[in-house]
Amino acid sequence: MRSRFFIQAGRPVALPPLDSPQWQSPWRAFAWGLRSITQTILTIVLFVTYLGIGALAHDSHFSLLWALCSTLFVWAGPAQIILITTLGSGATVIQSAIAVTVSAIRLFPMVVSVLPLMRTPTTKRRELVFAAHLTAVTLWVECHRFLPQVPRKRRIAFVQGLGCGLVSVCLTANTVGYFLAANLTQTLGAAILLLTPLSFLFSTARNSREVADVVALSLGILLYPLAAKMNSGLDILVSGVVAGTIAYGVHWWREVRA
Amino acid sequence: MSFAQLIGDWHALAVLFVAGVVPNQIWRMLGLWFGGGIDEGSELLVWVRAVATAILAGVIAQIVVEPPGALASVPDVLRYGAVGAGLVVFLLTRRSIFAGVVAGEVFMLAGKWWLG
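The listed protein sequences derive, respectively, from chains A and B.
As numbered in my numbering, the first sequence has no gaps in its residue numbers, which increase by one up to the final residue, 1082.
As numbered in my numbering, the second sequence has no gaps in its residue numbers, which increase by one up to the final residue, 832.
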């Protein structure tokens, strides 16, 4: 089901042929990865999302350095937003950490599915640490699209280039968003903050191919206001686990039981 | 805005690492360490993905329902309307993220302008 998405997103990619001498140097492969950020619409979606995150950090009274460090070291939009909104609305460090870690579990299957694409029989685990850090939904989608056209022994360098390019775009967006929020009128500042929920909603909806994904997304939105009434400090976690489990139930009812 | 404001205090950065970096990064490193033996299509991972999606949905709802900063100056009906308008356009344009985002933003800005 997911493969259909890749095919839809996948125009032919302008990379040298697999046997080209261009691939002999790992630095060249890194440069091709870096250059590939111009080959995908997802770069613009990321830019817009991180523009919003920069503005959100400003309006929640975090420093610019804090916002940039969160992008560099967390490198997962949802976790960054959860962190900013929970800490900003007075949750404790423990409550925020729990909400972040639950949202980050999805990175586990992503890393598990992406790393075999880069591994060779002689690859050492430490060579993959940086690629694992760069793995997030955008990179995961792009790896499935680009990597078949990259020789296996140059794939780690290529992914590192692609990831570094995307991180740079997001750091720039953070900085721009932060200063825009500080200097724009209230209405335009609000427009920038609205970018984040909109871009997340539509990019998640676009990736939803199964009924369970759609149920999880819509129930998750509808249950949040109810969970928020309980004022437990873990509202997002409560509505998320309940809505996600119901969505899993729907999946089980349709697929497993049948 | 002063230089010190851009840097912030060390306490906030420490909180970032404890509440953000470690709880997030641990799953990537577990994937790197134990990835080999996990079946990607296993039922447990289907549940994990559903919960992660629902949590993200909750975050989207939280920003719209309890808006931070400048977004709080936008009336409820305009915020909900913007998401609704964006969603309709997103679906009508065969899931164009760009068209959905633009439609939501235009709805909000037009509403703000109209309400004065």
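Every residue, glycine too, gets a C-beta built ideally from N, C-alpha and C.
Reduced DSSP category for residue i - H, G, I as helix; E, B as strand; rest coil
i: B/Asn740; result: helix
i: A/Arg947; result: A small fix is needed here, since residue 947 of chain A is Thr in this sequence, not Arg. Three-state DSSP puts A/Thr947 in coil, outside helix and strand.
i: A/Ile906; result: helix
i: A/Pro975; result: coil
i: A/Leu1058; result: coil
i: B/Gln725; result: Strictly speaking, residue 725 of chain B in this sequence is Asp, with Gln absent from that position. Coil.
i: A/Val961; result: helix
i: B/Met717; result: coil
i: A/Trp899; result: coil
i: A/Ser1063; result: helix
i: A/Asp843; result: coil
i: B/Val790; result: coil
i: A/Phe886; result: coil
i: A/Leu1004; result: helix
i: A/Gln848; result: coil
i: B/Glu782; result: coil
Own chain, CB closer than 7 Å to residue i, minus 5 neighbours either side, in chain order
i: A/Thr1028; result: Leu1041
i: B/Val817; result: Gly802
i: A/Thr962; result: Leu866, Leu870, Leu990
i: A/Val993; result: Ile861, Thr867, Leu870, Phe871
i: A/Met825; result: Only weak support exists for where A/Met825 lies, its pLDDT of 37 falling under 50; the value from the coordinates is given anyway. Cβ within range, chain order: Arg1033, Glu1034.
i: A/His882; result: Tyr1002, Ala1005, Ala1006
Where residue i falls, given that 16 or more other Cβ within 10 Å makes a residue buried
i: B/Lys828; result: buried
i: B/Glu759; result: exposed
i: A/His957; result: buried
i: A/Tyr1048; result: buried
i: B/Gly832; result: exposed
i: A/Ile918; result: exposed
i: A/Ala997; result: buried
i: A/Gln984; result: buried
i: B/Phe719; result: exposed
i: B/Asp792; result: exposed
i: A/Arg978; result: buried
i: A/Ser1063; result: buried
i: A/Arg828; result: The pLDDT assigned to A/Arg828 is 39, lower than 50, so where the model puts this residue is not dependable; a value taken from the coordinates is nonetheless given after this. Per the 10 Å Cβ criterion, exposed.
i: B/Glu821; result: buried
Residue closest to residue i, alpha-carbon to alpha-carbon, out of the options
i: A/Ala1052; options: A/Ser884, A/Ser913, A/Asp883, A/Ala853; result: A/Ser913
i: A/Phe897; options: B/Phe823, B/Pro739, B/Gly774, B/Phe814; result: B/Pro739
i: A/Leu1018; options: A/Ile865, A/Leu907, A/Leu880; result: A/Leu880
i: A/Val1065; options: A/Ile905, A/Ser1032, A/Ile929; result: A/Ile929
i: A/Gln848; options: A/Phe982, A/Ala960, A/Val938; result: A/Phe982
i: A/Gln876; options: A/Ser844, A/Thr946, A/Ser992, A/Ser1023; result: According to the sequence provided, residue 876 of chain A is Gly. The question's Gln does not apply to it. For the residues A/Ser844, A/Thr946, A/Ser992, A/Ser1023, the minimum Cα distance to A/Gly876 belongs to A/Ser1023.
i: A/Val872; options: B/Gly774, B/Ile813, B/Ala728; result: B/Ile813
i: A/Ile868; options: B/Thr769, B/Gly820, B/Ala768, B/Ala815; result: B/Ala815
i: B/Trp749; options: A/Val1039, A/Leu939, A/Asn1055; result: A/Leu939
i: B/Leu746; options: A/Ser937, A/Ile980, A/Ser894; result: A/Ser937
i: A/Val1035; options: A/Trp1077, A/Leu1025, A/Phe886, A/Ile1045; result: A/Trp1077
i: A/Cys988; options: A/Ser844, A/Pro850, A/Phe854; result: A/Phe854
Other residues of its chain near residue i: CB distance less than 6 Å, five sequence neighbours each side excluded
i: A/Arg852; result: Gln846
i: A/Ala833; result: The predicted position of A/Ala833 is uncertain, since its pLDDT is 46 and thus under 50; no value can be drawn from it.
Cβ-heavy atom distance, residue i to the ligand ADP, below 7 Å
i: A/Trp964; result: The model depicted lacks the ligand ADP and carries no ligand whatsoever.
8 Å Cβ shell around residue i - same chain, five flanking residues per side excluded
i: B/Gly724; result: none
i: B/Gly797; result: Phe823, Met824, Gly827
i: A/Ala960; result: Trp899, Ala900, Gly901, Leu931, Met934
Can you find at least 3 beta carbon pairs, one from the segment 996-1010 of chain A and one from the segment 801-812 of chain B, that sit closer than 8 Å? They do not touch, by the three-pair rule.
Do the segment 956-967 of chain A and the segment 836-848 of chain A meet, that is, are 3 or more Cβ pairs less than 8 Å apart? As far as the Cβ criterion goes, the segment 956-967 of chain A does not touch the segment 836-848 of chain A, which means the pair count is below three.
Quick check: the segment 861-869 of chain A against the segment 921-931 of chain A, are there 3 or more CB pairs under 8 Å? No, the segment 861-869 of chain A does not touch the segment 921-931 of chain A.
I want to know whether the segment 985-1003 of chain A touches the segment 778-788 of chain B - three or more CB-CB distances under 8 Å. Between the segment 985-1003 of chain A and the segment 778-788 of chain B, the count of Cβ pairs shorter than 8 Å is below three; the stretches do not touch.
I'd like to know if the segment 721-740 of chain B and the segment 888-903 of chain A are in contact, where contact means that at least 3 CB-CB pairs between them fall below 8 Å. With the cut-off at 8 Å, the segment 721-740 of chain B and the segment 888-903 of chain A touch.
The segment 930-943 of chain A / the segment 1066-1075 of chain A touching (three or more Cβ pairs under 8 Å): Under the three-pair Cβ rule at 8 Å, the segment 930-943 of chain A does not count as touching the segment 1066-1075 of chain A.
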